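In this note's numbering, the protein residues as written are -11 to 84.
Cβ atoms here follow ideal geometry from the backbone N, Cα and C, with glycine treated the same way.
Since we're looking at a predicted model, the values are computed, not measured.
Heads up: the structure comes next, in structure tokens.
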């Protein structure tokens, strides 16, 4: 978990993306949204969902940085919302 937490802590994204994601957290519903975003019939545990969301977010970030027309601002925000919400569900280390 420490690796995931440290990776999340070092993410640097535009303020607008992060602000929009934080505002969207109030409407996030794990069962509904997570299944749709990662394409699974059931919402997996945060241990499984966070790495998948991080991978998708990295893919979207590279598309954004490249200026590709396929970039979806709304999809990026949805992924960031889920990533923040799921990261909050990860177990904390006792030493932290």
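- Put simply, the backbone Cα of residue 28 is about 29 angstroms away from that of residue 4.
- Secondary structure of residue 19 (DSSP, three-state): helix.
- The three-state secondary structure of residue 30, taken from DSSP, is coil.
- Per DSSP, the unbroken alpha helix (DSSP H) holding residue 12 starts and ends at 3 to 12.
- Assignment of residue 62 by DSSP, reduced to helix, strand and coil, places it in the helix class.
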